[in-house]
Amino acid sequence: AQSVTQLGSHVSVSEGALVLLRCNYSSSVPPYLFWYVQYPNQGLQLLLKYTTGATLVKGINGFEAEFKKSETSFHLTKPSAHMSDAAEYFCAVRKSGYSTLTFGKGTMLLVSP
Amino acid sequence: KAGVTQTPRYLIKTRGQQVTLSCSPISGHRSVSWYQQTPGQGLQFLFEYFSETQRNKGNFPGRFSGRQFSNSRSEMNVSTLELGDSALYLCASGPQAGDHEQYFGPGTRLTVT
Numbered sequence: 006a007q008s009v010t011q012l013g014s015h016v017s018v019s020e021g022a023l024v025l026l027r028c029n030y031s032s033s034v035p036p037y038l039f040w041y042v043q044y045p046n047q048g049l050q051l052l053l054k055y056t057t058g059a060t061l062v063k064g065i066n067g068f069e070a071e072f073k074k075s076e077t078s079f080h081l082t083k084p085s086a087h088m089s090d091a092a093e094y095f096c097a098v099r100k101s102g103y104s105t106l107t108f109g110k111g112t113m114l115l116v117s118p
Numbered sequence: 005k006a007g008v009t010q011t012p013r014y015l016i017k018t019r020g021q022q023v024t025l026s027c028s029p030i031s032g033h034r035s036v037s038w039y040q041q042t043p044g045q046g047l048q049f050l051f052e053y054f055s056e057t058q059r060n061k062g063n064f065p066g067r068f069s070g071r072q073f074s075n076s077r078s079e080m081n082v083s084t085l086e087l088g089d090s091a092l093y094l095c096a097s098g099p100q101a102g103d104h105e106q107y108f109g110p111g112t113r114l115t116v117t
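Chains A and B are the protein sequences, given in the same order.
6 is the number of the first residue of the first sequence in my numbering; add one for each residue after it.
5 is the number of the first residue of the second sequence in my numbering; add one for each residue after it.
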């Protein structure tokens with residue numbers, strides 16, 4: 006079975022500060038990993054994904070994540086937070102060959118001026 | 005291309021009633037998945053349909069059912085509603101089943117009173 010753990014239900018940063026959202030996964034097979042963002046009253050938007058190849062993945066809006074197999078981690082980072090980044094972020098894992106996503110509980114990112 | 009459409013966006017029902025939610029995938033997409041999002045349980049997979057066949061099912065009671073039509077539109081039905089069924093129901097579509105990116109709709113917010 007696969008599972009995802011996101012450390013911290015809420016993360017607060019100041020505008021311009023580094024954003025770091027943590028995600029650890031458990032999977033018996035090589036996983037496909039995803040980060041999604043959800044703004045209030047909206048669905049999920051894909052930020053970035055890791056399937057195979059380069060372990061540092063760049064996504065939209067300046068976000069990136071690094072797949073570290075030895076640490077079973079896929080942390081999301083952004084060098085400089087913007088007010089518009091305030092939203093809930095979900096890490097997800099999927100098995101190769103399947104469409105079903107297993108999500109973490111989510112991390113709410115709060116950005117203060 | 006238009007995105008994933010879910011109707012209605014908001015719904016209020018009474019305990020014991022039944023409800024049907026609709027999802028229209030992106031044009032040309034044949035795979036549709038449903039997820040339930042609640043504050044307590046987070047995002048949980050309900051079912052996946054591809055070419056009118058249920059391909060995968062999550063761990064939900066039999067009161068939750070779904071179907072897919074020949075035009076790939078999908079409906080999910082919840083019978084004998086309980087207060088705990090109050091949630092945001094998200095639909096995601098993909099071009100094929102398996103290893104393909106899924107695109108999420110805005111969701112249907114169901115409130116059971």
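A virtual CB, placed ideally from N, CA and C, is assigned to each residue, including glycine.
Treat the numbers as computed from the prediction; the structure is a model and nothing was measured.
In terms of Cβ geometry, A:Val98 and A:Gln7 form a close pair [threshold 8 Å].
Residues of chain A whose Cβ lies closer than 9 Å to the Cβ of B:Ser37 are, in chain order, Ser104, Thr105, Leu106. Within the same chain, Cβ atoms closer than 6 Å to the Cβ of B:Glu52 are found at Ser37, Arg59, Asn60, the five residues on either side in sequence being excluded. DSSP places A:Ser19 in the uninterrupted beta strand (DSSP E) bounded by 15 to 19. The DSSP-derived three-state label of A:Ser78 is strand. For A:Ser31, same chain residues with a beta-carbon under 7 Å away, outside a window of 5 residues either side, are Gln7, Ser8, Thr77 in chain order. Considering only beta carbons, the part of the segment 33 to 67 of chain B lying closer than 7 Å to chain A consists of Ser35, Ser37, Gly46, Leu47, Phe49, Glu52, Asn60, in chain order.
In the structure shown, A:Ser89 adopts helical secondary structure according to DSSP, grouped into three states.
For B:Ser97, the enclosing beta strand (DSSP E) covers residues 91 to 98. The way I'd put it, the segment 90 to 105 of chain B does touch the segment 31 to 46 of chain B; three or more beta-carbon pairs between them come closer than 8 Å. In the DSSP secondary-structure assignment, B:Gly46 is bridged to B:Thr42.
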